[in-house]
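Taking the UniProt record's numbering, the leading residue of the sequence shown gets 1, the next gets one more, and so forth. Positions of the beta carbon are idealized from the N, C-alpha and C atoms, including for glycine.
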Amino acid sequence: MTDLSRDFVIPPADIGPLRTNSSHHQSSTATSLPIGVNHPTEPQMLALRHPSSTVQTPSPSYVPQSREPRMFDHAHDLIFNHAHFINNAQFNSVAPAGSGLKTLYEHSMPDAFHNSAARFPPARCHLQTRRDYIDRICNQWALGKLDPEKFVMWLRGPFGIGKTAVAQSSAEELEAINKLLATLFFSRSNANRDDPRRVFPSLAYQITTVCESFAALVDARIRKDPSITQKSLLTQFKELIVGPLKEIDTAESGLEGRVVIIDGLDECRGTTEQCEIIRIIAASARDHTTPFRWFITSRPEGPIIRTMYSPSISPFISRIELPVSREIDHEILVFLTDEFKKIRESHGLPESWPSEEVLALIVKHGAGLWIYVSVIVRFIKDENSFGPEDQLRIVLEFLGDVSNKLEANNPLAEMDFFYALIMQCIPLKIQKMVQKIILLSSSMRFNPIGVVRTLGLSVDQLRQCCLSIRSVMELQESTSDLCEWNFHFYHASFVDFLTDSKWSKEFCIHGEFLIQYRRELLEWLHFVIFHSTGNSPIHSSILLGPLYQVM
């Protein structure tokens with residue numbers, strides 16, 4: 001889809017020519033000088049006005065004493081032929097210390113860090129589940145006991161198997177032993193968490209918080225060339241990470257052997273960029289240009305598989321497969337038992353609720369997919385309902401009905417049916433509005449304030465609509481400022497479901513629904529353009545760019 005947002009840019013205000021303060025306005029020479037530049041002495045003025053003349057400077061005794069030193073103080077017997085003076089301060093200005101790091105932060109993805117408020121509460125392994133994988137990652141590979149010469153580990157697995165939970169739990173465990181360096185948790189369904197151009201600025205920024213000498217070097221580089229954050233991925237990696245590392249003692253800095261975690265690489269925008277990131281990291285491991293260990297998780301997508309198994313990369317990769325397996329049913333049962341205990345205690349329900357048969361039924365339908373049982377638990381805990389008992393009744397009716405519609409051992413299809421159930425539970429009065437909110441919030445350029453303005457909702461109306469789908473999406477109200485609120489999808493599969501008419505049918509946010517909504521947007525734009533006055537057209541352009549994401 002073509003992004004036409006660049007055609008709707010508010011032009012910067014015309015600041016006009018630089019001027020000196022009002023006390024110099026009467027002098028034509030003074031008004032041509034930038035603020036803060038010393039006025040030239042009389043001989044310099046002569047040289048400026050008559051460049052073909054020969055001017056001799058006066059002796060030092062003529063230099064006034066009640067001012068700061070100037071360029072020619074204490075100089076004598078100087079002759080200027082065809083003089084032409086240039087104010088180098090205009091071209092060699094240096095940004096203040098720290099401004100480079102500020103630029104770096106602005107081009108990173110803080111919402112994708114493992115401890116970000118935008119991801120709270122993060123998906124993590126429950127209690128003692130997945131301990132075999134976490135121990136292998138944290139206590140063996142990260143410490144160099146397993147595959148010591150393979151500085152890249154790739155954990156792969158299908159949809160909903162719990163890769164992100166393993167990565168999050170590993171990050172927290174590595175952080176506790178001071179072995180974690182940086183993290184990125186991609187999400188294509190959440191704004192600001194899928195941009196490949198922000199990957200290495202994000203990692204570099206996190207490294208600056210660990211090592212002061214590294215921070216100073218990166219700060220200076222960006223102050224000298226702020227465009228680094230806009231360059232190619234390889235150039236960013238060299239300039240922001242490899243270059244500064246060459247100038248410090250990595251052993252003394254504490255960076256040696258620390259782990260960088262990149263979760264959900266398949267959700268990074270662009271398969272070409274995904275593979276380029278792999279190649280850059282693998283080359284750094286091969287050539288020892290970085291002293292880190294790199295832990296990457298992804299689905300087993302074709303381009304990623306081919307890149308990981310290519311001859312130039314494969315020898316440096318350690319691999320773990322996280323399969324869909326009924327062997328983890330006991331871990332899922334532990335999770336469900338503990339979650340239902342919390343629900344009972346918060347609602348004063350008897351210890352016999354739910355029965356062991358109910359737990360076994362949910363585990364059976366989970367079929368080894370953590371995402372499935374996690375969504376069911378959030379659905380049952382939904383406070384915007386008649387309570388957990390009624391929600392569990394809906395789930396059991398669904399499980400009994402869906403069993404007759406599905407082929408055996410097809411948990412992915414069952415996941416889609418459950419997503420359909422969630423959409424069916426939305427009150428009809430707000431169902432279409434909820435679909436529009438999902439459509440806009442899944443766009444990388446829309447935040448709550450854009451959704452509110454575009455749909456003409458009040459904040460309370462937006463909040464109420466989001467409550468109806470809180471088992472799959474959360475409206476994060478971090479501050480009182482709506483601009484800082486955020487939409488958080490628990491899993492990209494929900495948006496995938498809603499864009500596939502085969503499964504979502506009447507709930508699909510593409511197809512006929514999108515066509516109708518585009519008509520509404522065109523009518524709205526027509527009204528805005530032809531009824532705006534004064535500065536209104538410029539003000540309305542704030543929304544025009546993002547709207548083209550759905551046009």
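Cβ atoms of residue j and residue i: under 8 Å apart, would you say?
i	j	result
F418	F398	yes
F186	G270	no
I438	S468	no
W370	A165	yes
R258	L184	no
V358	L396	yes
H114	P121	no
Y133	L322	yes
S471	R393	no
K429	Y517	no
A420	S189	no
R299	P158	yes
Considering only DSSP beta bridges, list what residue i is partnered with.
i	result
L155	T297 and I320
M433	Partner(s): none; M433 has no beta bridge.
F489	M473
I261	T183 and F295
Can you tell me whether residue i is helix, strand or coil according to DSSP?
i	result
T289	coil
T499	coil
V210	coil
Y309	coil
R198	helix
C508	coil
N139	helix
H526	helix
W353	coil
G243	helix
H531	helix
E383	coil
T103	helix
Q230	helix
E389	helix
Q128	coil
Given that a residue counts as buried once 16 or more other Cβ atoms are within 10 Å of its Cβ, and exposed if not, what is residue i?
i	result
S202	buried
K432	exposed
I177	exposed
D135	exposed
E414	buried
F292	buried
E351	exposed
residue 561	Residue numbering for the chain in the displayed model covers 1 to 551; residue 561 lies beyond these limits and cannot be assessed.
I96	The residue you asked about is not Ile; residue 96 is Pro in the sequence shown. Burial call: exposed.
V384	One point to set straight first is that residue 384 is Asn, not Val, in the sequence displayed. Exposed, by the Cβ-count rule.
Y205	buried
P311	exposed
C483	exposed
G144	exposed
H526	exposed
Q391	buried
D194	buried
T479	exposed
G160	buried
L174	buried
Q230	exposed
T272	exposed
Using a Cβ-Cβ distance cut-off of 8 Å, determine whether residue i contacts chain E.
i	result
L233	Here chain E cannot be found, since the structure has a single protein chain.
Is the region 196-213 touching the region 228-243, taking contact as three or more C-beta pairs under 8 Å? A contact is defined here as three or more CB-CB pairs under 8 Å, and the region 196-213 meets this definition with respect to the region 228-243.
Inter-stretch contact at 8 Å, needing at least 3 Cβ pairs: the region 122-130 / the region 332-343: The region 122-130 makes contact with the region 332-343, as at least three CB pairs between them are under 8 Å.
Stretch pair the region 150-159 + the region 445-462: three plus CB contacts closer than 8 Å: Judged by Cβ distances under 8 Å, the region 150-159 makes no contact with the region 445-462, as fewer than three pairs qualify.
Please determine if the region 216-223 and the region 240-254 are in contact, where contact requires at least 3 C-beta pairs separated by less than 8 Å. These segments touch.
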